[in-house]
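Each residue of the sequence shown is one higher than the one before, starting from 61 at the first, in our numbering.
These notes are about the structure you will find just below.
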Amino acid sequence: MRHPSHPSQALPDDPFSGAQADFAEATLPQSLAPLVDGEGRETQPDFLSFELPDTQSADLELDAVADVASVGVLHQALMAQWPQPVMALLVDRSPRLLFWNRAAEQALGYQAADLLGNPLGLTLLCPDPDYLARKLQELAPLGRQCSDFEWTFTCRNGQKRRFSWTSIPLPPASSGERIFWLTGADVSRRLATEQVLRGRDRLLRSVFRHLPDMVYLKDGQGRWLLTNPGSLAVLGLTEKDAIGKTNLELSNLGLPMAESLRLSALNEEATWQSGRVSHVQEMAVDLHGSQRSFDVVRVPTFGRDDERLHMLVIRRDVTDQRSAATKLELAGRVLDQSSDGILISDAQHEVMMANVAFCDITGYSSEELVGREVNLLADGQHDPGFKTHIWSEVNEQGRWAGEVWNRRKNGEVFPQWLTLSALRHRSSGEITHYVAAISDLSSSKAAEEKIAYLSTQDVVTGLPNRTQVALHAQAALERARANTDGMALLVVDIDNFKTLNDSLGHAAGDFLLREVGQRLAQFAGAQAVVGRLSGDEFVLLQSGIKGTADAAHLAQATMDAVAQPVVFGGLPVNVSISLGVALYPSDGDSFDALFGRADAAMYAAKRAGRGAYQFATASMNEAALERLQLEASLRLAIETGALRLEYQPLVELSSGRMIGVEALCRWDHPERGPIPPGVFIPLAEDSGLIESLGRWVLLTATQQLQRWHEAGHAELMMAVNLSARQFQRGVVLEQVEEALVVSGVNPARLELELTESVLLHDGEAVMNTLRQLKALGVTLSIDDFGTGYSSFAYLRRFKFDKIKIDQSFVRDVIDDPDDAAIVRGIISLALSLGLHVLAEGVETEAIAQRLRTLKCTYAQGYHFARPLRPEALAERFLQGPPALS
């Protein structure tokens, strides 16, 4: 018989408390034959003996029973006193209960009066109509042969109990109605217990399956009961081969580890004999015939009479750790005798020692090297990421070797063969030291040839490097100029290369670079110039291009040639590229000019969605240069403190009193004059400068507020705008806390304004940040309310303090009925939610008066004051009672 297999916790007094049994399914076992007497007639079991009440009826003929009402008093009393629940169920078009004994009442809480004669009685026991219909359908064909029919009923208190029902073999009703007499046994606790056991079994098997070590469980006779994929892979067995067999039986299968299995059996017997956990080192031959070292733990368990129950065996392969330890010992010996230069550093790359040969080669003394950061490469001789690549390779693979450039103490650059290795802790596997061995290749003819190669070719792809490409390109342009021919220069960038390089490793990244370089070279042919510039950027210069149509065809064909998937370790990875196209002579007549515009076009293609190409234009190049110069100026302005803040008063409409100010950032460019915030704020967001700009604004504004407080204006508050990019970078909370600590200002007097766009990005993360800001004690307001998309939803989810109505609605509140209705609705909504309302862009007294009529709380705008420098604001409003109304 199947039972529900959902997990369950330990059983309390209530078998359903804490259990997650699903009783929506029941299965039918084989039915039992009814009892018959010596003459072949059905009869009752002889163990049914109860005290029966007095009855007037002396002759109870079962054959005369037509329905429940006509069942003899003897049987009625018998069923009523039956120790198990008994019910009589009429199964026809309108199924209903005809009998319900006392035990059933006690088990399920429903009295017979609740169910009998009630057409909805069965619905009380089975509220789910589909489940009720299915169970009745399953019961109907069983008839008097029903046995162990499981059915889940709902008790009066809402609990669910599962019963196993069996037919009571009474004669059929004389009326022909199908009446089932059933007695039931509560099997809920048994099912819950089985679920707990099954859940524990699944948990144990899951733990075994995911353990990285070899783990297996044996019985007292050494037979395998349970193991994990790691063990089977090492032994070269399937689970079917291993389960139920002993080590000695497995060793007879001719496995490479047969000898190890026999040794393990002896050690297991020794562990049984000792009666304690054992921990030993064992050697074994793996499937490839190599010796491996294993750290083995055996845990025996015994029964009450010391009988052997189970043994848990855990085997860990420690071959690599032992090998690393051996290498470390050998390295110590080699260090004293080696003619190569050897340098040792700690895990933080700080030099610990250098041998005599290393000092002779580099010209530095040991005292000058110890304590300094390891520097094995000459500055300016390698790509910026080359050093990072080497260290990453060492950290991942344990070793890197190759020819590199170094610089002696006297400034001389020389080629060297560098071998860099990582030493790991024997037990933890963590890197503890690095060992660098160098050989001076200056006088080697092979090194000279290699140097010549490296000066013209890219190391990874074998293509011409940037210098060589520029030379070839200039020659090709001169030929095109002489022949009045057109050319196209394509800058090719691999999409999402950094993601692939970070996820699959630098070896995979180098493989992809080589593959793309080969595809470009094969596609372009011998007459074209193809090279790798740096990183994942390539260049292709093709002659014979007559115009835009030819160039577009070339760009698309190039993308198609590279687009075939690249296979890494059996895994196909799609490759796409973005192209920038510049044409000779329309976009430039030199390699540098063409490359600059094609590179700008390539980045435009990446911004447009990747996997595309774009043509360069002069206007595109000029716009990019303009933006680059402005970004550099903004970075310098932030670093040198060339920005400033102006403050616009915030006015309480009912009294005309200035209750605070809003901090507004201003930038006076030394050459271009004032730069509008609408220009430099988006630039800061796109370039990543918004983080440092936002920090400066918060610090400057809160410090100014603290000075006003100390001057006797403690009632003033300061409103500061926050950018959505600050939230995305996760720096808002840290910057606000820093500003509060540095300035010492009361958090309650700092108001942070955020636009609705902030709430549209990563909603849960933003909500968490807002809760933490609220916990600091600052107030929060929504700026430019009504211009976004999610205001009302977030007003329900988070308690803001204030809503600022965008000036686009306020400006025409008198003349435009639609704007007036919007402003009235926002104010009404805010007041109903207990929020303050501030109207922006109030420029006339008429607008201010209309806002007062609408019960708007606060306002700001040119009608009250323009943004002012701090000294001007103090002189005008903080020398005496301000009059702003």
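Beta carbons: idealized from backbone N, C-alpha and C, even for Gly.
The structure presented is a predicted model; accordingly, all values stated were derived computationally and were not measured.
Examine the Cβ distances between the segment 786-805 and the segment 829-842 and report whether three or more of them are shorter than 8 Å. Contact holds between the segment 786-805 and the segment 829-842, because three or more Cβ pairs, one in each stretch, are under 8 Å apart.
Is the beta carbon of M662 less than 7 Å from the beta carbon of S638? Stepping through the sequence shown from its first residue, residue 662 is reached at position 602. Stepping through the sequence shown from its first residue, residue 638 is reached at position 578. Yes. Within cutoff.
Distance, Cα to Cα, V294 vs N327? Counted from its first residue, the sequence shown places residue 294 at position 234. Counted from its first residue, the sequence shown places residue 327 at position 267. Those two C-alpha atoms are separated by around 19 Å.
Cβ-based neighbour list, L242, same chain, cut-off 8 Å, excluding 5 preceding and 5 following: Against the sequence shown, residue 242 aligns to sequence position 182. V146, M147, A148, L149, C206, F209, W225, T226, S227, I228.
Helix, strand or coil at T904 [DSSP, three-state]: One-based indexing of the sequence shown puts residue 904 at position 844. Coil, per DSSP.
Whose C-beta lies closer than 6 Å to the C-beta of L42 among residues of the same chain, with five residues either side of it excluded? In the structure as shown, the chain starts at 61 and stops at 945, and residue 42 therefore has no counterpart that could be examined.
Alpha-carbon spacing of S714 relative to A779, whole angstroms: On the sequence shown, position 654 is the one that residue 714 refers to. On the sequence shown, position 719 is the one that residue 779 refers to. Approximately 20 Å between the Cα atoms of the pair.
If you drop the 5 nearest sequence neighbours on each side, which residues of the same chain put their C-beta closer than 6 Å to that of V454? As a working mapping, residue 454 is identified with position 394 in the sequence shown. Counting only Cβ-Cβ distances below 6 Å, and skipping sequence neighbours, we find W460, L480, A482.
Under the three-state DSSP convention, the category W332 falls into: Residue mapping note: residue 332 aligns to position 272 of the sequence shown, counting from 1. Here W332 sits in helix by DSSP.
In angstroms, rounded to a whole number, what distance separates the CA positions of R929 and I750? Here residue 929 refers to the residue found at position 869 when the sequence shown is read from its first residue. Here residue 750 refers to the residue found at position 690 when the sequence shown is read from its first residue. R929 and I750: Cα-Cα distance of roughly 22 Å.
Looking at the unbroken beta strand (DSSP E) that takes in P231, where does it start and where does it end? Your numbering for residue 231 matches position 171 in the sequence shown. Unbroken run through P231: none, as it is neither H nor E.
Excluding the 5 residues preceding and the 5 following R704 in the sequence, name in chain order all residues of the same chain whose CB lies nearer than 7 Å to its CB. As a position in the sequence shown, residue 704 is number 644, starting the count at 1. These residues qualify, in order along the chain: R726.
Collapsed DSSP secondary structure at F924 in the structure displayed: Mapped onto the sequence shown, residue 924 falls at position 864. Correct three-state label for F924: coil.
Local Cβ density within 10 Å of A825, reported as buried at 16 or more and exposed below that: Start at 1 with the first residue of the sequence shown, and residue 825 comes out as number 765. A825 comes out exposed.
Contacts around W160, its chain only, beta-carbon distance under 7 Å, and the 5 residues preceding and following it disregarded: Position 100 of the sequence shown, counted from the first residue, corresponds to residue 160. So the list reads M147, A172, L175, L176, once near-sequence residues are dropped.
Contact the segment 649-664 vs the segment 603-618: 3+ CB pairs below 8 Å: no
Could you check what DSSP says for P75 in three-state terms: helix, strand or coil? Residue mapping note: residue 75 aligns to position 15 of the sequence shown, counting from 1. Caution is warranted here: a pLDDT of 35 is assigned to P75, below 50, making its placement in the model unreliable, and the coordinate value is therefore given only provisionally. Coil, per DSSP.
Do the CB positions of V551 and A658 come within less than 7 Å of each other? By 1-based counting over the sequence shown, the position of residue 551 is 491. By 1-based counting over the sequence shown, the position of residue 658 is 598. Yes, the pair counts as a contact, with Cβ atoms nearer than the cut-off.
Rounded C-beta distance between V434 and L403? I'm assuming under 8 Å. Position 374 of the sequence shown, counted from the start, is the residue given in the question as residue 434. Position 343 of the sequence shown, counted from the start, is the residue given in the question as residue 403. Indeed they touch by this definition, with Cβ atoms about 7 Å apart.
Exposure of R375, with buried meaning 16 or more beta-carbon neighbours within 10 Å: Counting from 1 along the sequence shown, the entry for residue 375 is found at position 315. Buried is the call here.
G244 lies in the beta strand (DSSP E); which residues open and close that run? Numbered from its first residue, the sequence shown carries residue 244 at position 184. 239-246 is the extent of the beta strand (DSSP E) around G244.
Length of the line joining the Cα atoms of G738 and G629: Translated into the one-based positions of the sequence shown, residue 738 becomes position 678. Translated into the one-based positions of the sequence shown, residue 629 becomes position 569. Those two C-alpha atoms are separated by around 50 Å.
Alpha helix (DSSP H) segment containing A172, residue limits: Locating residue 172 in the sequence shown gives position 112, where the first residue counts as 1. Where A172 is concerned, the enclosing alpha helix (DSSP H) stretches over 172-175.
When the Cα of N178 is compared with those of L158, Q786, D188, G169, which residue comes out closest? Translated into positions along the sequence shown, residue 178 becomes position 118. The residue with the shortest Cα to Cα distance from N178 is L158.
Delimiting residues of the beta strand (DSSP E) encompassing L749: The residue labelled residue 749 in the question sits at position 689 within the sequence shown. Taken as a continuous stretch (DSSP letters only), L749 belongs to no beta strand (DSSP E), as it is neither H nor E.
Cβ distance (whole Å) where S405 is taken to contact Y494 below 8 Å: Your numbering for residue 405 matches position 345 in the sequence shown. Your numbering for residue 494 matches position 434 in the sequence shown. That pair is a contact at about 5 Å.
Between which two residues does the alpha helix (DSSP H) holding V792 run? The residue given as residue 792 occupies position 732 in the sequence shown. Bounds of the alpha helix (DSSP H) holding V792 are 792-803.
Pick out whichever of H896, G901, A384, A880 has its Cα sitting closest to the Cα of E490. Start at 1 with the first residue of the sequence shown, and residue 490 comes out as number 430. That would be A384, whose Cα lies nearest to the Cα of E490.
Could you check the C-alpha separation between S892 and F845 for me, to the nearest Å? Position 832 of the sequence shown, counting from 1, holds the residue named residue 892. Position 785 of the sequence shown, counting from 1, holds the residue named residue 845. So the alpha carbons of these two residues sit roughly 16 Å apart.
Work out the CA separation of L315 and L297 for me, nearest whole Å. Along the sequence shown, read from residue 1 onward, the residue named residue 297 stands at position 237. Along the sequence shown, read from residue 1 onward, the residue named residue 315 stands at position 255. Whole-angstrom Cα-Cα distance: 9 Å.
L202 versus T212 - alpha carbon distance: As a first step, residue 202 is located in the sequence shown; it is residue number 142 there, counting from the start. As a first step, residue 212 is located in the sequence shown; it is residue number 152 there, counting from the start. Each residue's Cα considered, the two are about 18 Å apart.
Should T762 be labelled buried (16 or more other beta-carbon atoms within 10 Å of its own) or exposed? In the sequence shown, residue 762 corresponds to position 702, counting from 1. That one is buried.
Does DSSP put G591 in a helix, in a strand, or in coil? For the purposes of this step, residue 591 is identified with residue 531 of the sequence shown, where counting begins at 1. Taken through DSSP and simplified to helix, strand or coil, G591 comes out as strand.
Rounded straight-line distance, which links the Cα of D366 to that of G280: The count along the sequence shown starts at 1 and reaches residue 280 at position 220. The count along the sequence shown starts at 1 and reaches residue 366 at position 306. Spanning the two alpha carbons is a distance of roughly 11 Å.
Integer Cβ distance of D400 from A417, believed to fall under 8 Å: Residue mapping note: residue 400 aligns to position 340 of the sequence shown, counting from 1. Residue mapping note: residue 417 aligns to position 357 of the sequence shown, counting from 1. Yes, D400 and A417 are in contact; Cβ-Cβ is about 6 Å, under 8 Å.
Under the rule that 16 or more other beta-carbon atoms within 10 Å means buried, what is T700, buried or exposed? Position 640 of the sequence shown, counting from 1, holds the residue named residue 700. Label assigned to T700: exposed.
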